[in-house]
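What follows is a single structure, written as structure tokens, with notes after it.
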Amino acid sequence: MTALATDIGGTFTDVVLVADGRVHVAKTLTTPDDPAEGLLRGVRRVLADAGVAPASVDRFTHATTLATNVILERRGVPVAFVTTRGFGSMLVLGRQARVEEERYDLAFSPGEPPVPPSRVFEVPERVAADGTVLTPLDEAAARRVAERVADLGVAAVAICLLHSCANDAHERRLAALLAERLPAGTPVVTSSEVWPELGEYERATTTLMSAYVGPVMGAYLRRLRDRLAEAGITAPVHVMESAGGVLPAELAASRAVCTIESGPAAGVIAAAREGARHGLTGLISFDMGGTTAKAGLVRDGRPGVTHEFQVGGKGSFGGRRPGTGVPIKVPAIDLAEVGSGGGSIAWVEAGTLRVGPRSAGAAPGPACYGRGGTLPTVTDADLVLGYLAPEGFGDLRLRPGLAEDALARHVGKPLGVDVVEAAAAVHDIAGAQMGTAVHVVTVRRGVDPRGFTLVALGGAAPTHAAGLAERFGIRRVLVPARCGVGSAAGLLHADLAIERSRSFLAPAAAADPAALEAVLAGLEAACRADLAVGGARGGVTRSVGIRFAGQAHAFTVGLGPGPVTREAVDAAVEEFYARYHESYGIDLRDPAELTVARARVSLPADAPDVRGTDPPRPAPGRTRRAWFGGAFHEVPVRERTACVPGEPFTGPCVIIEPQASLVVPPGWHGVLDDHGAVSLERGPE
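Residue numbers for the sequence shown follow my numbering, so the first one is 490 and each next one is one higher.
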């Protein structure tokens, strides 16, 4: 099997090709104005390296930050929003939380709503929480709204009526009336189709973002598919979704909101797979690229999944804190992300050194890239400290002189320190900010990180991984082969999958197992139809949301295989009690209630077999000055391709490869395995 995987990040685009069991990789600078250009450049490179004809590619998987960037940069299509009469101010009111420096800002102003009031419309209708129709839909008024929407010339419409998750009849009828008046092909997105769960505000924003991003995603994927076809690649295009599976391109376009955490999710999947190969089930995925650093938790071999997160929020809350961004209610791997990557810009403000979240990106990039950038970044600091080689990454050569000039001018001079002290300060602050992401997914979740293994992925992660592990008392670091393109590699093993849900509100003790089974069976059938998976093919995961009666937030708890029984519901409630105690340290046995039913269908990936690493290629030994313990030391520099599996090495040293540089501090030792992964362990204190 010949498989291609591509991951477009803010700075670099990674491409991985597996053909005849051999792995070929390319890392190219992202082309922001036309992301497909950088992608195709990498694709052409790996195909040429492997001597593989484009037509022989059987599978093409893709991760992209497009959906996230569209939301953050507010460049989606013009959307109209239609809701129940009396609820038109829902988006303006929203939820707001002051975080970080905003807490003390006397001139604080809440952000603009995702849709201006001029494009928000109300229709007379009302459905009760149990689905009973209290006020029928006023079709005459709905037609007038359709006329006004059509006059605006919007590119999509989002509909979210009150309690439509319990009865979607009004939403479906309103969507039909709008479609009659709008130009053919205009997307009309309903909340009962996108994510029919409790919580009208979160359901509204999720639906709205789906309509806002969908046309942009659809156009992008069509262009990508056409350009791949021009290059001779006709394999189906699959897109990574936020929960760790992949979707067919057509489904990804219609459910674009499910791809918001596309790239970061692939990294956690790669970490879980690498950990399983080493018999490790407790992992912290640390994925650091040029723009951001992400952390995710893997427990019992499974990545954590959340069903609500925030996009574009401020503060280090792992996307969980209400009011810090636009809430999205779709399944996503639980991640914390900070604006601290290799390209994060360092500057001095009021005598204080800051690093990120502004990034030099791919253009112009860090100063040392020699592409016109003049501001110092984390990459510049790492180069000055001797952690990176001037030979750079692939075709990209680094220029130490430019890095030193940028650090001296913008950090050293304002702080009154020399260039080395400036570089060390930038490196340390970046490390502290990355630690915030790990802290969010571990300590803030009530998890002790010291018993976990840190898995380093992304081009910049191996440079910082051991130092980050030391901050948390983590004694083991795992660096997979080709870690610099780790997220793209994770795409190769992602299952074709989709999840659907529906509100199911009932006291747990009185819930009807047959009714729950009927809802879950319907959701499973809808998932199979989405993926065109017939019969009993693929795996099915069923779960329910459970909370204490009267509370607002629920845990998602899995149900066992087979039809739902009274015993299965009772077991889920017991699991909820245990999870609640684990998370909050409170042992409650109060009455619980079910809130939602969920079904996820996945079809295992037809992943290509990968051979072990090539035999070591001898390389001359060399040394380099690198900064450890507050001073420069002459340390060994070894090429990973020259390391012999099983041969131990000790820090301080630097292990280099075309896409990354692994820094091994004093007190750490490691070994390379037969698959090219490096296991680092910290010695006793």
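Backbone N, C-alpha and C define an ideal beta-carbon position, used for all residues, glycine too. All values reported here derive from a predicted model rather than from experimental measurement.
Check                                                                                                                                                                                  : Outcome
Could you tell me which residues DSSP puts in a beta bridge with PHE1138?                                                                                                              : GLY1159
If contact is defined by three or more beta carbon pairs under 8 Å, each pair taking one atom from either stretch, is the stretch 1082-1096 in contact with the stretch 972-991?       : yes
Considering Cα atoms alone, identify which of SER578, ALA911, ALA639 is closest to GLY1119.                                                                                            : ALA911
Do PRO1154 and PHE1121 come within 8 Å of each other at the CB atom, strictly closer than that value?                                                                                  : no
What does the alpha-carbon distance come out to for the pair ARG533 and GLU719?                                                                                                        : 12 Å
Starting from GLN585 and walking both ways along the alpha helix (DSSP H), at which residues does that stretch end?                                                                    : From DSSP, GLN585 is part of no alpha helix (DSSP H); its letter is neither H nor E.
Closer than 8 Å is the cut-off here; do at least three beta carbon pairs connect the stretch 1073-1090 with the stretch 1033-1044?                                                     : yes
Any Cβ of chain B within less than 8 Å of the Cβ of GLY565?                                                                                                                            : Among the chains in the structure shown there is no chain B, since it carries only a single protein chain.
Can you confirm whether the stretch 656-668 touches the stretch 529-545 when touching is taken to mean that 3 or more C-beta pairs between the two stretches lie within less than 8 Å? : no
From the DSSP output, which residues share a beta bridge with SER833?                                                                                                                  : SER848
Take the Cβ of LEU582 as the centre, count every other Cβ of all protein chains shown within 10 Å, and call the residue buried at 16 or more, exposed below.                           : exposed
Looking at the unbroken alpha helix (DSSP H) that takes in ASP871, where does it start and where does it end?                                                                          : 867-873
State the Cα-Cα distance for the pair HIS727 and GLN799, rounded to the nearest angstrom.                                                                                              : 25 Å
Report the rounded CA-to-CA distance for PRO1134 versus ILE648, giving the unit in angstroms.                                                                                          : 58 Å
With a threshold of 6 Å on Cβ separation, who are the neighbours of ALA494 within its own chain once the five nearest residues in sequence on each side are excluded?                  : VAL505, THR550, ALA977, LEU980, LEU981
Do TYR701 and GLY565 have their C-beta atoms closer together than 8 Å?                                                                                                                 : yes
Does SER1216 come out as helix, strand or coil in the three-state DSSP assignment?                                                                                                     : A question about residue 1216 goes unanswered here, because the residues of the chain that appear run from 490 up to 1174.
One question on the structure: do CYS850 and ALA856 come within less than 8 Å of each other, judged by their Cβ atoms?                                                                 : In the sequence on display, residue 850 carries Gly and not Cys. No; because the gap between Cβ atoms is not below 8 Å, this pair is not in contact.
Is the closest heavy atom of the ligand ATP to the C-beta of VAL1153 under 7 Å?                                                                                                        : Looking for the ligand ATP in the displayed structure turns up nothing, as the structure carries no ligands at all.
Over the uninterrupted beta strand (DSSP E) stretch that includes GLN922, give me the two end residues.                                                                                : Element bounds for GLN922: not the beta strand (DSSP E) but the alpha helix (DSSP H), 908-930.
Per DSSP, which one or two residues make a beta bridge with TRP684?                                                                                                                    : Partner(s): none; TRP684 has no beta bridge.
Considering only C-alpha positions, which residue in the set GLY1165, VAL1124, GLU1123 is nearest to THR1130?                                                                          : GLY1165
Give me whichever residues DSSP pairs with GLU988 in a beta bridge.                                                                                                                    : ARG1089
Express the C-alpha separation of GLU628 and GLY807 in angstroms, rounding to a whole number.                                                                                          : Low per-residue confidence applies at GLY807: pLDDT is 46, beneath 50, and the placement is therefore not dependable enough to give any value.
Using three-state DSSP, classify PRO792 as helix, strand or coil.                                                                                                                      : strand
Can you grab the Cα-Cα spacing for the pair GLY854 / GLY832, in whole Å?                                                                                                               : 7 Å
Apply the 10 Å Cβ neighbour rule to GLU1056 and answer buried if 16 or more other Cβ atoms are within range, or exposed otherwise.                                                     : exposed
Are the beta-carbon atoms of LYS516 and GLY973 separated by less than 8 Å?                                                                                                             : yes
Which stretch, first to last residue, makes up the beta strand (DSSP E) that contains ALA508?                                                                                          : 501-508
Between PRO846 and ALA732, is the Cβ-Cβ spacing less than 8 Å?                                                                                                                         : no
Looking at the structure shown, is ALA1120 part of a helix, part of a strand, or coil, going by DSSP?                                                                                  : strand
Is it right to say PRO685 is buried, meaning 16 or more other beta carbons lie within 10 angstroms of its own, or is it exposed?                                                       : buried
So, under 8 Å CB-CB, PHE941 and LEU671 are touching, yes? Tell me the CB distance rounded to an integer number of Å.                                                                   : Not a contact, Cβ separation roughly 51 Å.
Excluding five sequence neighbours on each side, which residues of the same chain lie with their C-beta closer than 6 Å to the C-beta of GLU526?                                       : THR520
Label GLN1148 either buried or exposed according to how many other C-beta atoms from any shown protein chain fall within 10 Å of its C-beta, with 16 as the threshold for buried.      : buried
Enumerate in chain order the residues of its own chain whose CB-to-CB distance from ILE758 is below 6 Å, with the five nearest sequence positions on each side excluded.               : GLY733, GLY979, ALA983
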